[in-house]
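These notes are about the structure you will find just below.
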Amino acid sequence: MLSSSKIARINELAKLQKAKGLTEAEKEEQKQLRQEYLKAFRQHMAKQVEGVKIVDQDGNDLTPEKVKQIQKAKGLHNRI
Numbered sequence: 005m006l007s008s009s010k011i012a013r014i015n016e017l018a019k020l021q022k023a024k025g026l027t028e029a030e031k032e033e034q035k036q037l038r039q040e041y042l043k044a045f046r047q048h049m050a051k052q053v054e055g056v057k058i059v060d061q062d063g064n065d066l067t068p069e070k071v072k073q074i075q076k077a078k079g080l081h082n083r084i
C-alpha cells in the first residue's frame, strides 16, 4: 500500500484545495498521488479477490471460473 506520508500529503492537498485552492504544481502533485494510490488500491484488491474461494453450505465450490484460472496459474487453493 501507499506510505503513510503520501496518504498524509493527499489529505493535506485535499484540505488546501477546499480552503484556498491549489497551484498548478500542487494540482499535478495531487493527480499523481491519487493515481499512485488508486494503482496500489487496485493491486491490493485484485490480490484479495484472487485469494478467495467461494463455497456453499454443502461444500460445493462456487468460485467464478475466471478466478479459478488465476488461482490455478498461481498455485492457490490446490487448483490443478
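Counting along the sequence shown from 1, when you hit position 11 you're at 15 in the numbering used here, and nothing is skipped either side. No residue lacks a Cβ here, since even glycine has one placed at the ideal position from N, Cα and C.
message = By DSSP's criteria, ASP65 is part of a beta bridge. Which residues make up the other side?
response = VAL59
inquiry  = Only counting the same chain, and skipping five residues up and downstream in sequence, which positions put a Cβ closer than 7 Å to that of LEU42?
reply    = none
key: Supposed close pair LEU20, GLU33 - CB separation, criterion 8 Å   = LEU20 to GLU33, Cβ: 11 Å. No contact.
key: Proximity winner among ASN82, LYS78, SER8 and VAL56, relative to GLU40 (alpha-carbon distances)   = SER8
task = Let me know the secondary structure DSSP gives ARG83 once reduced to three states.
result = coil
query = Just how far apart, CA to CA, sit LYS35 and GLN61?
reply = 45 Å
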